[in-house]
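Q: This is the structure I have questions about; it appears just below.
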Amino acid sequence: MNQCFGCNTCSSADKPLENYIRSLPMQTSHHRVEDQSVKCGFGLQGICCRLCSNGPCRITPEATRGICGATADVIVARNFLRAVASGSGCYIHVVENTALNLKNTALTRGTIKGENVLNHLCEIFGVIGRDKYERALAVAQAVLDDIYRPEYEKMLLTQKMAYAPRLKKWHELNILPGGANAEVVKGVVKCSTNLNSDPVDMLLTCLKLGISTGIYGLTLTNLLNDVMLGEPEIRAAGVGLGVIDPAYINIMITGHQHSTFSYLQDRLIEPDVVEKAKTAGAKGFRLVGCTCVGQDLQLRGAHYTEVFPGHAGNNYTSEAVLATGAIDAVLSEFNCTLPGIEPICDQLMVKQICLDDVAKKANAEYRPFVFATREKDSDGIIDEIITAYRNRRSKVSLNLLPEHGNKNTITGVSEISLKNFLGGNWQPLVDLIVSGEIKGVAGVVGCSNLTFGGHDVLTVELTRELIKRDILVLSAGCSSGGLENCGLMTPEAADLAGAKLKSVCKALGIPPVLNFGPCLAIGRLEIVATELAEAIGVDLPQMPLVLSAPQWLEEQALADGAYGLALGLPLHLGEPPFITGSPLVTQILTEDMKSITGGQVIIDPDAASAADKLEKIIMEKRAGLKI
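The numbering used here puts the first residue of the sequence shown at 27, with every later residue one more than the last.
See below:
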């Protein structure tokens with residue numbers, strides 16, 4: 027790993043980061059893009075099946091069916107359903123663990139920081155209790171009971187959480203989900219060998235999985251975390267590699283499950299632990315945000331200023347974060363933790379600890395999070411990290427990039443904090459939309475990837491195009507990490523917006539791109555969308571709202587997308603999922619879905635062209651509302 031790999035890196039919207047990665051004497055994911063540039067055409071189209079020993083079978087003009095008789099439509103739909111089921115399973119795993127942590131917090135009468143959110147959930151769920159602990163226990167148990175239901179029993183909370191017009195539509199389509207875990211199993215079973223061969227039925231199953239993903243894995247995970255960890259508060263904060271201070275013992279956190287290390291997080295600022303750090307030669311401990319859990323911590327950063335300096339970057343920034351040499355340990359508990367960090371950690375003597383075995387890395391120590399022993403386990407982890415710090419800091423050179431990022435990204439935006447900022451209701455935003463000062467709202471969400479123009483390239487370019495058209499952008503996911511590091515979430519970014527949106531932003535002191543945090547916060551965007559629709563008195567498909575996951579990456583993103591389609595929203599993707607080998611599946615998702623749920627998939631890899639299409643949809647929605 028002593029050679030320079032710089033000439034082979036992919037492009038990035040973040041040019042300082044791109045130049046930094048080019049200078050590294052180690053290989054990263056950015057270097058491997060070129061080696062993987064030749065793609066399998068069958069895989070891209072989704073027309074390869076390897077489910078049985080007769081295969082793998084590939085559909086061609088000459089061979090229109092697999093050996094079993096499966097057509098391109100069947101194979102594509104089956105592969106797509108399998109991906110959505112896997113993505114949904116990931117999110118349900120997260121909400122299950124989050125609900126269990128809230129349950130245990132209630133049983134042990136632990137810290138409840140978000141009583142307002144707790145009371146709100148109690149009102150929705152119809153639960154009561156003598157005190158906050160009984161109420162928290164009832165809320166957590168209600169979530170667990172629902173996700174553990176069998177597939178043939180409809181989840182109760184779906185019907186309490188869903189927007190009434192959407193709920194009616196889901197009833198009509200018979201896509202209300204049963205127990206979330208059971209629905210994932212059913213989805214996997216349905217797309218196994220020689221079972222379902224009805225592409226339409228499989229796509230309806232995707233919508234059903236999307237609903238349970240959205241309401242439970244996204245929306246409820248956020249709200250349960252708010253109860254335990256505190257509500258987001260709008261503030262200015264630092265982002266980028268510049269947040270890393272080598273004077274501290276630095277822990278890079280990756281994943282999606284904030285509550286699994288919250289006790290450890292609080293422990294890091296207690297006097298006896300700080301003293302341990304000082305004895306080792308450091309000022310204390312810092313958690314460096316990376317990937318979505320870093321965004322989640324950033325969202326609540328106002329509560330954790332002593333231990334959290336800021337969010338360094340998204341999934342494909344993590345290797346660069348490690349390359350600074352100032353990270354002493356990686357604490358991972360879910361996905362977005364790249365396998366490629368392992369050789370870098372080995373080279374730089376960075377301690378790797380995994381808290382959840384679903385994210386176990388080959389060279390990492392597995393320290394399972396157990397609520398009952400969290401005090402002892404946290405202290406053990408802290409001691410191991412101190413040992414790593416002592417062993418490595420004198421042997422590893424620092425390669426910092428202090429000028430990277432900015433110090434005034436606006437963070438902490440949520441459905442509650444934004445509404446409070448507007449005076450406690452949505453009317454000011456509704457008025458701005460009706461008047462045309464804000465043409466519409468676009469949710470730019472999801473992952474980062476290294477294709478579609480390069481690291482965050484399409485995401486940043488599309489966002490710039492949208493705000494130029496006076497379209498307010500709300501962001502959630504790794505996309506937020508790229509947008510904030512490129513300066514689009516600072517108040518100064520208002521100068522990049524169209525004249526009307528610029529004026530609004532300047533008057534309010536806000537950026538034209540609002541940072542809702544992690545991919546889980548897509549659920550927060552849904553709350554904003556439904557509450558705006560309710561304020562106007564229409565269903566979601568009638569609203570001047572659009573979604574874009576310009577650089578979607580993984581199966582979880584497809585489950586997110588299924589939820590967006592179930593909500594009836596237009597969904598733009600920079601590149602299609604692996605469906606184009608089926609004319610039927612492509613037709614249903616891009617056209618027929620409009621008459622089923624009101625949603626549709628729009629595929630366009632060009633930022634300006636995609637923005638034109640999304641703007642046109644927004645203007646059509648405005649015309650339909652006569653505004």
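Glycine included, C-beta positions come from ideal geometry on N, C-alpha and C.
A quick note: this is a predicted structure, and the numbers were derived from the prediction, not measured.
1. Provide the residue span of the alpha helix (DSSP H) that contains P454, from first to last.
2. What residues in its chain sit with their C-beta under 8 Å from that of M375, if we drop five residues either side in the sequence?
3. Taking the alpha-carbon positions, what's the A634 to T516 distance?
4. List the endpoints of the continuous alpha helix (DSSP H) containing D227.
5. Run through the region 151-224 for me and flag every whole alpha helix (DSSP H) of 4 or more residues, listed as ranges in chain order.
6. For I173, which of I237, D224, K158 has the nearest alpha-carbon?
7. The beta strand (DSSP E) spanning G336 covers which residue range?
8. Out of L43, Y178, Q582, which has the shortest C-alpha to C-alpha gap to G431?
9. Alpha carbons only, please: which of G339, Y274, R326, G281 is nearest the one belonging to G307?
10. Whole angstroms are fine: how far does the CA of T435 sit from the CA of E510?
11. For T350, which residues of its own chain have a beta-carbon under 6 Å away from its beta-carbon, when the five flanking residues on both sides are left out?
12. In angstroms with no decimal places, state the Cα-to-Cα distance between C83 and E149.
13. Taking the beta carbon of K642 as the centre, do at least 16 other beta carbons fall within 10 Å, making it buried, or is it exposed?
14. Could you spell out where the alpha helix (DSSP H) holding L249 opens and where it closes?
15. Could you give the distance in angstroms between the alpha-carbon of V214 and the alpha-carbon of A385?
16. DSSP puts G315 in a beta bridge; with which residues?
17. Less than 8 Å between the CB atoms is what I'm expecting for A208 and P176, so what's the real figure, rounded?
18. When you compare only the Cα positions, how much space is there between M27 and G624?
19. Examine chain D for any beta-carbon lying closer than 7 Å to the beta-carbon of W196, and answer yes or no.
20. Does the pairing of the region 584-604 with the region 250-257 give three or more beta-carbon distances under 8 Å?
21. Could you spell out the range, first to last residue, of the beta strand (DSSP E) harbouring Q378?
22. Taking the continuous beta strand (DSSP E) assigned at V470, which residues delimit it?
23. Assuming A308 is part of the alpha helix (DSSP H), what are its boundary residues?
24. Just how far apart, CA to CA, sit I295 and P369?
25. Pull the bridge partners of S38 from the DSSP assignment, please.
26. State the CB to CB distance for the pair K639 and I628, rounded to an integer number of angstroms; the pair is presumed to be in contact (CB under 8 Å).
27. Restricting to Cα atoms, I'd like to know which of G266, S288, L551, L597 is closest to S440.
28. Please confirm if the region 311-323 is in contact with the region 351-366, defined as three or more CB-CB distances below 8 Å between the two stretches.
29. Identify, in the order they occur along the chain, each residue of the same chain with its Cβ nearer than 7 Å to the Cβ of L527, setting aside the five sequence neighbours on each side.
30. Rounded C-beta distance between N340 and G479? I'm assuming under 8 Å.
31. My output table needs one value for M27: the three-state DSSP class, helix, strand or coil.
32. For the region 184-199 against the region 53-67, do three or more pairs of beta-carbon atoms, one drawn from each stretch, fall closer than 8 Å, so that the two count as touching?
33. Could you give the residue range of the alpha helix (DSSP H) that holds V100?
34. Check this for me: beta carbons of S443 and I260, under 7 Å apart or not?
35. Could you check the C-alpha separation between C75 and S218 for me, to the nearest Å?
36. Pick helix, strand or coil for N417, following the three-state DSSP scheme.
A: On the basis of the supplied data:
1. For the purposes of this step, residue 454 is taken as residue 428 along the sequence shown, with counting starting at 1. Unbroken alpha helix (DSSP H) run through P454: 453-461.
2. In the sequence shown, counting from the first residue as 1, residue 375 sits at position 349. Cβ neighbours of M375 beyond the five flanking positions: A414, N417, R418, K421, V422.
3. Within the sequence shown, the letter at position 608 stands for residue 634. Within the sequence shown, the letter at position 490 stands for residue 516. So the alpha carbons of these two residues sit roughly 23 Å apart.
4. Here residue 227 refers to the residue found at position 201 when the sequence shown is read from its first residue. Looking at the DSSP string, the run of the alpha helix (DSSP H) that includes D227 is 225-238.
5. 158-173, 182-187, 190-199, 206-216
6. On the sequence shown, residue 173 is found 147 positions in, with the first residue counted as 1. I173 has its Cα closest to that of I237, out of I237, D224, K158.
7. Working through the sequence shown from its first residue, we reach residue 336 at position 310. Where G336 is concerned, the enclosing beta strand (DSSP E) stretches over 336-339.
8. As a position in the sequence shown, residue 431 is number 405, starting the count at 1. Nearest C-alpha to G431: L43.
9. As a working mapping, residue 307 is identified with position 281 in the sequence shown. Among G339, Y274, R326, G281, the Cα nearest to that of G307 is on Y274.
10. In the sequence shown, residue 510 corresponds to position 484, counting from 1. In the sequence shown, residue 435 corresponds to position 409, counting from 1. Cα-Cα distance, rounded: 6 Å.
11. On the sequence shown, position 324 is the one that residue 350 refers to. Counting only Cβ-Cβ distances below 6 Å, and skipping sequence neighbours, we find I270, N425, L426.
12. Walking along the sequence shown from the start, residue 83 turns up at place 57. Walking along the sequence shown from the start, residue 149 turns up at place 123. Cα to Cα, C83 sits roughly 53 Å from E149.
13. As a working note, residue 642 is residue 616 in the sequence shown. Under this definition K642 is an exposed residue.
14. What you label residue 249 is simply residue 223 of the sequence shown in a count that begins at 1. Taken as a continuous stretch (DSSP letters only), the alpha helix (DSSP H) holding L249 covers 247-255.
15. As a working note, residue 214 is residue 188 in the sequence shown. As a working note, residue 385 is residue 359 in the sequence shown. V214 and A385: Cα-Cα distance of roughly 21 Å.
16. Numbered from its first residue, the sequence shown carries residue 315 at position 289. G315 pairs with I279, H337.
17. Along the sequence shown, read from residue 1 onward, the residue named residue 208 stands at position 182. Along the sequence shown, read from residue 1 onward, the residue named residue 176 stands at position 150. At roughly 5 Å, the Cβ-Cβ gap stays under 8 Å, so A208 and P176 are in contact.
18. Walking along the sequence shown from the start, residue 27 turns up at place 1. Walking along the sequence shown from the start, residue 624 turns up at place 598. Interpretation of M27 is limited by its pLDDT of 36, a score under 50 that renders its predicted location unreliable; no figure is taken from the coordinates.
19. Absent from the structure: chain D. Only one protein chain is present.
20. no
21. The residue given as residue 378 occupies position 352 in the sequence shown. Here the beta strand (DSSP E) through Q378 covers 377-380.
22. As a first step, residue 470 is located in the sequence shown; it is residue number 444 there, counting from the start. Looking at the DSSP string, the run of the beta strand (DSSP E) that includes V470 is 466-471.
23. The sequence position of residue 308 within the sequence shown is 282, counting from 1. No alpha helix (DSSP H) contains A308, which DSSP labels as neither H nor E.
24. Within the sequence shown, numbered from 1, the residue matching residue 295 stands at position 269. Within the sequence shown, numbered from 1, the residue matching residue 369 stands at position 343. Approximately 30 Å, taken between the alpha carbons.
25. Position 12 of the sequence shown, counting from 1, holds the residue named residue 38. Paired residues: H481.
26. Residue numbering aside, residue 639 sits at position 613 when the sequence shown is read from its first letter. Residue numbering aside, residue 628 sits at position 602 when the sequence shown is read from its first letter. Right, their Cβ atoms sit about 6 Å apart.
27. By 1-based counting over the sequence shown, the position of residue 440 is 414. Here the closest residue by C-alpha is L551.
28. yes
29. One-based indexing of the sequence shown puts residue 527 at position 501. The answer, listed in chain order, is I464, I493, D496, L498, P538.
30. Your numbering for residue 340 matches position 314 in the sequence shown. Your numbering for residue 479 matches position 453 in the sequence shown. At roughly 15 Å, the Cβ-Cβ gap does not stay under 8 Å, so N340 and G479 are not in contact.
31. Position 1 of the sequence shown holds residue 27. With a pLDDT of 36 at M27, under the threshold of 50, the modelled position of that residue is not reliable, and the figure given next carries that caveat. Three-state result, M27: coil.
32. no
33. Here residue 100 is taken as the residue at index 74 of the sequence shown, counted from 1. Segment 98-133, the alpha helix (DSSP H) holding V100.
34. As a position in the sequence shown, residue 443 is number 417, starting the count at 1. As a position in the sequence shown, residue 260 is number 234, starting the count at 1. Their beta carbons are under 7 Å apart, which means S443 touches I260 by this criterion.
35. Position 49 of the sequence shown holds residue 75. Position 192 of the sequence shown holds residue 218. Each residue's Cα considered, the two are about 11 Å apart.
36. Walking along the sequence shown from the start, residue 417 turns up at place 391. Helix, per DSSP.
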